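One structure below.
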Ligand code: AMP
Ligand code: MG
């Protein structure tokens, strides 16, 4: 028997996000196992275990420049002319430096024993077998020390980290050919609405294309979720109940879109209450008021609104962090920034608003010292998908807040 979902809020109450999100996140835990992937396939995956550095990088003191490796004490004691006794390209080893001599050395080559600095070739006058050093060199100058980048035994990457391109390089530099990453979470996605048809089929009067399935699938794929397509469900209570149960049998988690308001043609909430458990309905945000969270057959269920912008925004704010935690990720929420409003707005109402904005730095939009300003897309209707496609991110307008040009507001990039 699974644990209860906590305080089921009164059905008519609008729950603020600051309340709903922690309540939801408390119920999330890692659901998936792990598997090993070769390095070239691991970008975007979530690291399953803390990974310790198996070796120092660099593994030996080496030259940061093409030049001459020398003992800086000899320079300090006044010597300027040296005999070039050896040549050390990258991949070769030199021999111990004798007094009065230097080694011709190249970037990445190991420093020979007895050398403690490299003088750049631009600061020397050299012929075939001797060199005059024209500038002083400090001990350690132009030398990359063993372990400067990575120290053996230190934490290279922590469990839960999503592997980016640089991390793939870091793992390779440490000699690791494969890593253990989290298995994908399996999410069943169904869309409700008699009016919906798939792109690729011609529209009959009264029909629209099902954009939510595609946008939400793309969001799920972008965080490494495996999407199970549960199709389009008509606006009928029995059909919705059956579709929800079927979806819950197939997946770790279920998401629906549409039919979650209080209208006669909205059946998702009743279907969930008939077959499972409703923990939350209606968020105090705009767009995205109708939003259901609950449980079906022990699986988390999210009923997204039908309006495409509302579906997208509620997914980003509520569902995405939940799914990331189920996949063992540690970085759950997009980084937010304070940015300057490049517009004015009369006082908002009780719902916190998420305006679709672009960050603009051109002079025409009022650029000052290259600081970006947030400019909203003209039509902020929750049905206007262009507003999302156009936007760089969401600008948060707290409840009962008017905006004046130049106000600083919280901004969340659309990832
Ligand atoms: P609903 O929440 O079902 O009342 O839908 C609200 C609005 O969103 C209506 O205009 C629907 O036609 C539209 N809508 C619902 N589902 C989708 C979908 N999957 N793709 C595009 N628009 C949708
Ligand atoms: Mg509908």
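Numbering (my numbering), first residue to last: -19 to 395. By construction, the Cβ of each residue, glycine as well, lies at the ideal position given by its N, Cα and C atoms. Here the structure is a predicted model, which is why all the values come from computation and not from measurement.
Item                                                                                                      : Value
Chain-ordered list of residues that sit, by beta carbon, closer than 7 Å to a heavy atom of the ligand MG : 172, 173, 215, 238, 239, 245, 246, 286
Residue 258 at chain B interface by Cβ criterion, 7 Å                                                     : Although the question refers to chain B, the structure presented lacks it and comprises just one protein chain.
Cβ-based burial, residue 42 [other Cβ within 10 Å; buried from 16]                                        : buried
Cα-Cα separation, residue 338 to residue 139                                                              : 34 Å
For residue 53, the first and last residue of its enclosing alpha helix (DSSP H)                          : 52 to 56
Segment contact flag, the stretch 156 to 171 with the stretch 191 to 210, C-beta cutoff 8 Å, min 3 pairs  : yes
Segment contact flag, the stretch 83 to 91 with the stretch 55 to 71, C-beta cutoff 8 Å, min 3 pairs      : yes
Beta strand (DSSP E) segment containing residue 334, residue limits                                       : 332 to 340
Heavy atom of the ligand AMP within 6 Å of residue 250 beta-carbon                                        : no
Nearest-angstrom Cα separation, counted from residue 276 out to residue -19                               : Confidence at residue -19 is low in this model, with a pLDDT of 39, below 50, so its placement is unreliable and the value that follows should be read with caution. Looking at the two C-alpha atoms, the distance is approximately 12 Å.
Cβ-Cβ separation, residue 326 to residue 379 (assumed contact under 8 Å), whole Å                         : About 14 Å separates the two Cβ atoms, so there is no contact after all.
Closest Cα partner of residue 166 within the set 7, 246, 281                                              : 281
Coarse secondary structure for residue 202, derived from DSSP in three states                             : helix
Collapsed DSSP secondary structure at residue 61 in the structure displayed                               : strand
Bridge partners - residue 257, DSSP secondary structure assignment                                        : 275
Residue 294 in three-state terms, based on DSSP                                                           : helix
Endpoints, alpha helix (DSSP H) assigned at residue 5                                                     : -3 to 5
Cβ separation of residue 137 and residue 147, assumed to be a contact under 8 Å, to the nearest whole Å   : 6 Å
Proximity test, residue 191 beta-carbon vs the ligand AMP heavy atom, cut-off 6 Å                         : yes
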